[in-house]
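Enquirer: Just so you know, the sequences run in chain order A and B.
Mapping to numbering that gives the first Met the number 0: the first sequence position 317 is 316, numbers consecutive.
Mapping to numbering that gives the first Met the number 0: the second sequence position 159 is 158, numbers consecutive.
Handing you a structure now.
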Amino acid sequence: MEISLSNINKQFGSFRALHNVDLTIKSGELIALLGPSGSGKTTLLRIIAGLEHADTGAVSFGGVDMADTPLRERQIGFVFQHYALFKHMTVRDNVSFGLSVRPRKKRPTNPEIRRRANELLELVQLVGLGDRYPHQLSGGQRQRVALARALAIEPRVLLLDEPFGALDAKVRKELRQWLRELHYKTGVTTIFVTHDQEEALELADRVVIMSQGAIAQAGTVDQVYEHPASPLVFDFLGNTNIIPATLAGGGLQVGGEIVARLADTTLTDGPVDIYVRPGDLRATSRHQAEGLMVQIRNVHRTGPVVRVIAGVVDADLDLTVELPHLHHDVTQFQVGVNLRLRLLLFSVFPRVQAATQSVARVKAPVLIGRERARA
Amino acid sequence: MSTVNPAVIARGALGSATTEAPWVRYMLVALALTFLAAFLLLPLVSVFTEALRNGLGTYVEALTDADALAAIKLTLIASAIAVPANLVFGVAAAWAITKFEFRGKTFLTTLIDLPFSVSPVVAGLVYVLMFGASGWARPLLDTTNIQIIFAVPGIVLATIFVTFPFVARELIPLMQEQGTDDEQAALSLGANGWQTFWHVTLPNVRWALLYGVLLCNARAMGEFGAVSVVSGHIRGKTNTMPLHVEILYNEYNFAAAFAVASLLAGLALLTLGLKSLLETRYGSELARRQKH
């Protein structure tokens, strides 16, 4: 089911939760709404579901405007962060709830409902747990029950609000894999909200990054990760080093030395910021023409990753470098050593006071509605 | 060998950091128990001993007296109307307050607490002022020939007023804690409002509801002040059990007064028993901690 949102605006009191949001989600797509607290991602999801109503703008499912269709008639599967399972019902009764509350004419027979519930329990790998109560299940199992319950009504769209937010790291990773497979099997158009960039990048076909009630960038994982549209997007998708530099004739200069060259650029010469991820910095020969001279200040070994703090020579700036622990460069990174760093992948943004603001430095997020209730 | 680990000393002498020395603990427990015995247990025991002082015959006689039976019947009628009414009102009020946003919500919440903060005597007087001989609703009552004050309807009204907060007060914090996720989930699955309420909201609060009803019932049967004002104390007609106890007592008929009082006390004990049973069995739900 294709979903299209046009010109959505939503205001909570004086707080602008959503501002002119336009988005089209193709049928069968698995899409992530990614953003920090208060960026409007959950509000957008709830507007698609019909749990909230936009002040202006239209939501349509397959070209049909949903303005007059209430939540219970939208045929959406909504999965809550805290599962919202009916705790006085068995797992099977939870799963079959959507079928058994149908009006008599459209309701399947009891054996048929039972058969469908068992089928769904098989799909979510919970065969044999049908007679248990939610409190007898683990967090991961509960979330799978919630998914099975949502899938029982054969939803046109599956909406998940931070589905793995309340689970521990290991279970979260397993469920991600599993949800990817489930989406592959069922093909239901799926939208999920997360503030975990790793989760969004690993799971989604397409990522929509939201900030302050607007879409900062929407694109495939590669598009947003390798070609971030703004410093904010770059910063939000992972750890970031920011190196102030000067652009002159295609060369990026730090302290008079050329660090890297831009093949073709639309940027005008002048002060810029280079954004580079810790994993995209590597040691290079000291005699290489381009690169950044640094002195190694500190080396932390953190299991799979070696994290190095390197001070830029002649500048008051520390960079973080990350290497896989078995990388052949690791031996070169010894405390006190001077070496030259090469920038494998980076983005350059003109230095504007406002544009250099990173997410970490944005003023405390404004919490709204349910997020405020949780906090 | 003379060095001793200070941590071991501390643990040996005091148990854990939050525990006091034994003599302090025993003294506190003894103090609490003495107080409870003197102010609660002793009076309760004396009610039963006084009731049975002149033998079982007098006790049964006092309870089977026509006026006593009428008082018991009236008390049962009043609570049989007041409790279900407050069950419905309380659930409706709690539902409105916790699941919806509307103007004047804080006012409504305050209003629910009003019967707790107003003296029951004042509550009774309000009804007298409204429906009494010179009350402003008098002309209406005269034309329809309905008697409220010094009659059963007044007693029922006063009882409803005084016991109104019990059910709502018990439900509101729990329902606030539970939020609206479950209801939204039910709606998204296609349930209508009534199905959502019946299959999701109500089961989520059932034990708290039962608890609220128990408390409401205990108060409805034991209410004295408000009922006393509107009742008129007509023997055999508008006397409830607490009023009957007072009349017998004022007539120096102690054995009979205590006999009827023992019934009320027995009811209180039964309520207390049921309440603790609920608490031990469904304590986690009543303590508003249950979450999933």
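Every residue gets a Cβ at the ideal spot worked out from N, C-alpha and C, and that includes glycine.
#1: At least one CB of chain B closer than 8 Å to the CB of A353/A: is that the case?
#2: Where do the N-terminal and C-terminal ends of the beta strand (DSSP E) with V258/A fall, by residue?
#3: Considering only residues of the stretch 94 to 153 of chain B, which uninterrupted alpha helix (DSSP H) runs meet the minimum length of 4 residues and lie entirely inside it, listed in chain order?
#4: Select from the stretch 80 to 105 of chain A all residues with a C-beta closer than 7 Å to any C-beta belonging to chain D, and list them in chain order.
#5: Run through DSSP, which three-state label would S229/A get?
#6: Cβ atoms of S78/B and A219/B: under 8 Å apart, would you say?
#7: Mind checking which residues open and close the alpha helix (DSSP H) that includes G224/B?
#8: Bridge partners for R24/B per DSSP, in chain order?
#9: In terms of DSSP beta bridges, what is E321/A paired with?
#10: At a Cβ cut of 7 Å, what residues of the stretch 29 to 58 of chain A count as close to chain B, listed as they run along the chain?
#11: Ordered along the chain, which non-local residues of its own chain (more than five positions away) have a Cβ less than 6 Å from that of N216/B?
#12: Among the residues of its own chain, which have a CB less than 7 Å from the CB of G138/A, if the five just before and after it don't count?
#13: Taking the straight line between their C-alpha atoms, what separation do you get for M209/A and S5/A?
#14: Please confirm whether I76/B and V151/B have their CB atoms less than 8 Å apart.
#15: What does the alpha-carbon distance come out to for the pair I367/A and K9/A?
#16: Rank A84/B, M174/B, G123/B and D112/B by C-alpha distance to the C-alpha of V228/B and give the top, closest one.
#17: At 7 Å on the CB atoms, spell out the chain A contacts of V199/B, in chain order.
#18: Just how far apart, CA to CA, sit V59/B and F38/B?
#19: Let me make sure I understand the geometry here. Which of S26/A, S13/A, D21/A and R350/A has the alpha-carbon closest to that of V187/A?
#20: If we count Cβ pairs, one from each stretch, closer than 8 Å, do we get three or more for the stretch 279 to 298 of chain A versus the stretch 312 to 325 of chain A?
#21: Relative to the C-alpha of L266/A, which candidate in H324/A, A247/A and E256/A has its C-alpha closest?
#22: Using a beta-carbon distance cut-off of less than 8 Å, what residues from the stretch 76 to 95 of chain B approach chain A?
#23: Give the straight-line distance between the Cα atoms of T245/A and L340/A, rounded to the nearest whole angstrom.
#24: Since S230/B and L242/B should fall inside the 8 Å C-beta cutoff, what is the C-beta to C-beta distance between them, to a whole number of angstroms?
#25: What number of angstroms, rounded off, separates the C-alpha of V121/B from the C-alpha of T41/A?
#26: Quick one: what does DSSP say K105/A is sitting in, helix, strand or coil?
#27: Is there a Cβ from chain B that is less than 8 Å from the Cβ of R179/A?
#28: Suppose contacts are defined by Cβ-Cβ distances below 8 Å. Is A254/B in contact with A61/B by that definition?
#29: Give me the residue from D328/A, V271/A, L322/A and P270/A with the minimum Cα distance to S284/A.
#30: When the distance is taken between beta carbons, is A151/A closer than 8 Å to Q20/A?
#31: How long is the line joining the alpha carbons of F77/A and L158/A, rounded to whole angstroms?
#32: Looking only at its chain, what residues have a beta carbon closer than 8 Å to the beta carbon of V336/A, apart from the 5 residues adjacent to it on each side?
#33: Are A145/A and Y82/A close, meaning C-beta to C-beta below 8 Å?
#34: Considering only DSSP beta bridges, list what L51/B is partnered with.
#35: Beta strand (DSSP E) containing V170/A: first to last residue?
#36: Spatial neighbours of R52/B within its chain, please: CB distance less than 7 Å, with the 5 preceding and 5 following residues excluded, ordered by chain position.
Expert: Taking the definition as stated:
#1: To locate residue 353/A, count along the first sequence from 1; it is residue 354. Interpretation of A353/A is limited by its pLDDT of 49, a score under 50 that renders its predicted location unreliable; no figure is taken from the coordinates.
#2: Numbered from 1 along the first sequence, position 259 holds the residue referred to as residue 258/A. Here the beta strand (DSSP E) through V258/A covers E256 to R260.
#3: 104 to 116, 119 to 130 and 137 to 143
#4: In summary, chain D is missing from the structure at hand, where the protein chains are A and B.
#5: Counting from 1 along the first sequence, the entry for residue 229/A is found at position 230. Residue state, collapsed to three classes: coil.
#6: Along the second sequence, read from residue 1 onward, the residue named residue 219/B stands at position 220. Along the second sequence, read from residue 1 onward, the residue named residue 78/B stands at position 79. The answer is yes: Cβ separation under 8 Å.
#7: Against the second sequence, residue 224/B aligns to sequence position 225. That run of the alpha helix (DSSP H) goes G224 to S230.
#8: One-based indexing of the second sequence puts residue 24/B at position 25. Paired residue(s): none; R24/B is not in a bridge.
#9: For the purposes of this step, residue 321/A is identified with residue 322 of the first sequence, where counting begins at 1. Beta-bridge pairing links E321/A to R306/A.
#10: A48 and L50
#11: Your numbering for residue 216/B matches position 217 in the second sequence. Excluding residues within five positions, the ones whose Cβ falls inside 6 Å are S78 and V82.
#12: Your numbering for residue 138/A matches position 139 in the first sequence. Closer than 7 Å at the Cβ level, and outside the excluded window around G138/A, lie A165, L166 and V170.
#13: Here residue 209/A refers to the residue found at position 210 of the first sequence. Here residue 5/A refers to the residue found at position 6 of the first sequence. So the two alpha carbons sit approximately 15 Å from each other.
#14: Here residue 76/B refers to the residue found at position 77 of the second sequence. Here residue 151/B refers to the residue found at position 152 of the second sequence. Closer than 8 Å, so yes.
#15: Position 368 of the first sequence holds residue 367/A. Position 10 of the first sequence holds residue 9/A. Any reading at I367/A must be qualified, since the residue scores a pLDDT of 43, below 50, and its modelled position is unreliable; the value itself is stated next. C-alpha separation (whole angstroms): 12 Å.
#16: Within the second sequence, numbered from 1, the residue matching residue 228/B stands at position 229. Out of A84/B, M174/B, G123/B and D112/B, G123/B has the C-alpha closest to the C-alpha of V228/B.
#17: Within the second sequence, numbered from 1, the residue matching residue 199/B stands at position 200. Result: F85.
#18: Counting from 1 along the second sequence, the entry for residue 59/B is found at position 60. Counting from 1 along the second sequence, the entry for residue 38/B is found at position 39. Rounded to whole angstroms, V59/B to F38/B spans 28 Å at the Cα level.
#19: Numbered from 1 along the first sequence, position 188 holds the residue referred to as residue 187/A. Ranking S26/A, S13/A, D21/A and R350/A by Cα distance to V187/A puts S26/A first.
#20: yes
#21: Start at 1 with the first residue of the first sequence, and residue 266/A comes out as number 267. The residue with the shortest Cα to Cα distance from L266/A is A247/A.
#22: none
#23: The residue you call residue 245/A lines up with position 246 of the first sequence. The residue you call residue 340/A lines up with position 341 of the first sequence. Near 18 Å, if we compare the C-alpha coordinates of L340/A and T245/A.
#24: One-based indexing of the second sequence puts residue 230/B at position 231. One-based indexing of the second sequence puts residue 242/B at position 243. About 6 Å separates the two Cβ atoms, so the contact holds.
#25: Locating residue 121/B in the second sequence gives position 122, counting from the first residue. Locating residue 41/A in the first sequence gives position 42, counting from the first residue. Going by the C-alpha atoms only, they are around 50 Å apart.
#26: By 1-based counting over the first sequence, the position of residue 105/A is 106. Residue state, collapsed to three classes: coil.
#27: Reading the first sequence from its first residue, position 180 is the one you call residue 179/A. No, R179/A does not count as interfacial toward chain B.
#28: Walking along the second sequence from the start, residue 254/B turns up at place 255. Walking along the second sequence from the start, residue 61/B turns up at place 62. Yes, these two residues count as a Cβ contact at 8 Å.
#29: Residue 284/A sits at position 285 when you count from the first residue of the first sequence. Taking only the C-alpha atoms, the option nearest S284/A is D328/A.
#30: Position 21 of the first sequence, counting from 1, holds the residue named residue 20/A. Position 152 of the first sequence, counting from 1, holds the residue named residue 151/A. This sequence places Val at residue 20/A; Gln is not what is there. No.
#31: By one-based count along the first sequence, residue 77/A stands at place 78. By one-based count along the first sequence, residue 158/A stands at place 159. If I take the Cα positions, the gap works out to 5 Å.
#32: Counting from one through the first sequence, the residue named residue 336/A turns up at place 337. Same-chain partners within the cutoff: Q294 and I295.
#33: As a working note, residue 145/A is residue 146 in the first sequence. As a working note, residue 82/A is residue 83 in the first sequence. Yes, these two residues count as a Cβ contact at 8 Å.
#34: What you label residue 51/B is simply residue 52 of the second sequence in a count that begins at 1. Answer is none; L51/B lacks a bridge partner.
#35: Taking the first residue of the first sequence as 1, we reach residue 170/A at position 171. Taken as a continuous stretch (DSSP letters only), V170/A belongs to no beta strand (DSSP E), being part of the alpha helix (DSSP H) at A168 to T185.
#36: Locating residue 52/B in the second sequence gives position 53, where the first residue counts as 1. Only A254 meet the Cβ criterion.
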